[in-house]
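Going left to right, the sequence shown walks through residues 181 to 224 as the numbering used here numbers them.
Glycine residues also receive a C-beta, built at the ideal position from the N, C-alpha and C atoms.
Bear in mind the structure is a predicted one, so any value in this text is a computation, not a measurement.
Here is the structure we will look at.
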Amino acid sequence: MNTFDKKFFIFFPIKLFIFVLIEIVSSLEYKFLYYEYYLWVGSL
Numbered sequence: 181m182n183t184f185d186k187k188f189f190i191f192f193p194i195k196l197f198i199f200v201l202i203e204i205v206s207s208l209e210y211k212f213l214y215y216e217y218y219l220w221v222g223s224l
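Structure representation (structure tokens):
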């Protein structure tokens, strides 16, 4: 049980951090693509 708790406390924040990082990157990517599309449409 003790080793399970240690694994949980070590791996859970890492998984959470990776999840948050992916969310941030994907949202930035989405904004960037939207901005590129806006510039492309604006240049027409």
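- For Leu219, the three-state secondary structure derived from DSSP is helix.
- Taken through DSSP and simplified to helix, strand or coil, Leu196 comes out as helix.
- Taken atom to atom, the span from the alpha-carbon of Leu196 to that of Phe189 is near 11 Å.
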